[in-house]
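Each remark here refers to the structure printed beneath this line.
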Amino acid sequence: MLPEAERTHRVIALVPAFNAAATVGATVTALKAIAKIDDIIVIDDGSNDSTDAEAAKAGARVIRLSQNRGKGEALNAGLDEVLKENAGGGTGTNAIVALVDSDLGSSAVEFEKLIDPVLKNQVDMTIARFPKALRKGGFGLLKRTARNGLKLFTGIEFDSPLSGQRVLNGRAIEAISSFESGWGVEVGMTIDVCRKGLCVREVPVQMKHNETGRDLAGFQHRGQQFMGVIRVFAKRLMTR
Numbered sequence: 673m674l675p676e677a678e679r680t681h682r683v684i685a686l687v688p689a690f691n692a693a694a695t696v697g698a699t700v701t702a703l704k705a706i707a708k709i710d711d712i713i714v715i716d717d718g719s720n721d722s723t724d725a726e727a728a729k730a731g732a733r734v735i736r737l738s739q740n741r742g743k744g745e746a747l748n749a750g751l752d753e754v755l756k757e758n759a760g761g762g763t764g765t766n767a768i769v770a771l772v773d774s775d776l777g778s779s780a781v782e783f784e785k786l787i788d789p790v791l792k793n794q795v796d797m798t799i800a801r802f803p804k805a806l807r808k809g810g811f812g813l814l815k816r817t818a819r820n821g822l823k824l825f826t827g828i829e830f831d832s833p834l835s836g837q838r839v840l841n842g843r844a845i846e847a848i849s850s851f852e853s854g855w856g857v858e859v860g861m862t863i864d865v866c867r868k869g870l871c872v873r874e875v876p877v878q879m880k881h882n883e884t885g886r887d888l889a890g891f892q893h894r895g896q897q898f899m900g901v902i903r904v905f906a907k908r909l910m911t912r
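Just so we're aligned: 695 in this note's numbering is position 23 of the sequence shown, and the numbers increase by one with no gaps anywhere.
As C-alpha cells, this is what we get:
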C-alpha cells in the first residue's frame, strides 16, 4: 500500500463531450453529488447541439473547442487547464483527475468508488469495471485484442481494457504526459502507467452508458476503435 494521502489534493472531473446535450446535464448533476469532487470541467468537442449550455446549466465549467478533435485531444485540452491551475513539482500536478464519459447520466455517482482508492493513496489509477452489457455488441474481437495486447505489454490481464472511466493521481498523469489522439486513449494510458511501475486497480461499478449494437454504425464504431488500438500498440512497440 502507498503512503496515506492528505486531503490537500483537489479532485477534478474531466468530461469530454460531443453532441451530448441529452445526457451531459444529468452526468454533471451526478458528479456534483459527490462531495469529494472539487471541480467539473466539460470539454465540448466542437458539438453542434446545446452540449455547452446544458453542461453550464448543470454547474460545470465549460471549455469549448471550435471543431471536433476526438476524445484524446478533448482530454488534453482539459488536462492543460488542470496543469495550469494545479501545478506540482516539475511537470506534475497535485490534482487527482477523474475521466468521465458524458453519457453516464445519473450512474456517474458511482465514480466515488473509483475516487476513494486514489484519494487514500492505495493506488495510482483506478479503472471502472462495468457490469455485463445488456445487449450483444460485436463479436469480442476488439476487447480480446485490447486485453491480449495489454497482457503482452504489462503482464497484467485486465477485465475491462477499454473502459474510459478512470481516476488518476499526479504520478499517473505524469506517466502518460498526454493522451493519445484518436482512438486508443485507454490502452495507451494503461501501458504508460504500468511501464512506470505504478499501481492500477479495476473497481466494480454499476455504471451505465450508451452501448453500440450489431448494426452498421456499431460495426463502424468498433472498427475505428480496433484500428486505433492497433496503432497505439504499434507505437508503444517502437518505444519499448
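The beta-carbon is built from N, C-alpha and C at its ideal position, and this holds for glycine as well. Please read all numbers here as calculations on a predicted model, not as lab measurements.
| message | For F735, count the other beta carbons within 10 Å of its own beta carbon; 16 or more makes it buried, fewer makes it exposed. Which is it? | response | Rather than Phe, the amino acid found at residue 735 in this sequence is Ile. Buried.
| query | Rounded C-beta distance between S774 and K880? I'm assuming under 8 Å. | reply | That pair is no contact at about 13 Å.
| request: With R843 as the anchor, note down where its alpha helix (DSSP H) starts and where it stops. | output: G842 to I848
| said: Does K907 pass the burial test, meaning 16 or more other C-beta atoms within 10 Å, or should it be called exposed? | reply: exposed
| said: Considering only the alpha carbon of each residue, which of I787, E852 and K743 lies closest to R903? | reply: E852
| request: Can you tell me which of D831, L771 and V839 puts its alpha carbon nearest to the alpha carbon of V790? | output: V839
| request: Return the CA-CA distance between R873 and F830, expressed in angstroms with no decimal places. | output: 9 Å
| query | Between the C-alpha atoms of Q892 and A727, what's the straight-line distance to the nearest angstrom? | reply | 28 Å
| field | Pairwise C-alpha distance: N766 and K868 | value | 18 Å
| request: At 3 residues or longer, and completely inside the segment 766 to 831: list those beta strand (DSSP E) runs for me, N to C. | output: 768 to 771 and 797 to 801
| request: Starting from the Cα of S722, find the closest Cα among G697, E745 and G731 and give me that residue. | output: G697
| message | Restricting to runs no shorter than 3 residues, where is the beta strand (DSSP E) found entirely within the segment 714 to 747? | response | 733 to 737
| field | Burial state of N820 (16 or more Cβ within 10 Å) | value | exposed
| R873, enclosing beta strand (DSSP E) - first and last residue | V872 to P876
| request: May I have the straight-line CA-CA distance separating Q837 from N720, to the nearest angstrom? | output: 24 Å
| Distance, Q739 Cα to M861 Cα | 24 Å
| message | Taking the beta carbon of Q897 as the centre, do at least 16 other beta carbons fall within 10 Å, making it buried, or is it exposed? | response | buried
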